[in-house]
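Novice:
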Amino acid sequence: MLITLKETKEYLRVDGDEDDSLIESLINASEEYLKNATGKTFNSTNPLARLFCLVLVVDWYENRGLTAGKVGEKIRPVIDSMLTQLNYCYPEEMVE
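Following my numbering, the numbering of the sequence shown begins with 429 at its first residue and continues without gaps.
#1: Leaving aside the five residues before and after Arg478 along the sequence, list all residues of the same chain whose C-beta is less than 7 angstroms from its C-beta, in chain order.
#2: Rounded to whole angstroms, what's the CA-CA distance from Tyr461 to Leu454? Just pull it up for me.
#3: In angstroms, rounded to a whole number, what distance separates the CA positions of Tyr439 and Leu482?
#4: Since I believe Asn515 is in contact with Thr436 (beta carbons under 8 angstroms), could you give me their beta-carbon distance rounded to a whole number of angstroms?
#5: Going by Cα to Cα distance, which pick from Ala457, Leu484, Tyr518, Asn491 is closest to Asp508?
#6: Contact defined as beta carbons within less than 8 angstroms: I believe Leu511 pairs with Phe470. What is the distance between those atoms, to the nearest angstrom?
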């Protein structure tokens, strides 16, 4: 697991546990998205992979509707850039 529920909730500034199930699902989906997009499995020591997952979870959590707001539109190019770097800048032996 790249990121934990606790650190993700801190990053989201979420108190309480009513959204824990949703946040855990988003964490799992973000890690699977990263793996599917790059073909690589990153570990928790890669700061860019961790940040990618955190930012993606925040975007999905805060933009749950079908319409994208200004924040989501600003984040998506950053996500694309991070994903490109993760895909091409790390040799396979460095990610597992």
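Ideal Cβ positions, reconstructed from N, Cα and C, are used throughout, including at glycine.
Note that this is a predicted model, so its numbers are computed, not measured.
Specialist: Let's see:
#1: Leu430, Ile431, Ser472
#2: 10 angstroms
#3: 7 angstroms
#4: Not confirmed; about 23 angstroms, so no contact.
#5: Leu484
#6: About 12 angstroms separates the two Cβ atoms, so there is no contact after all.
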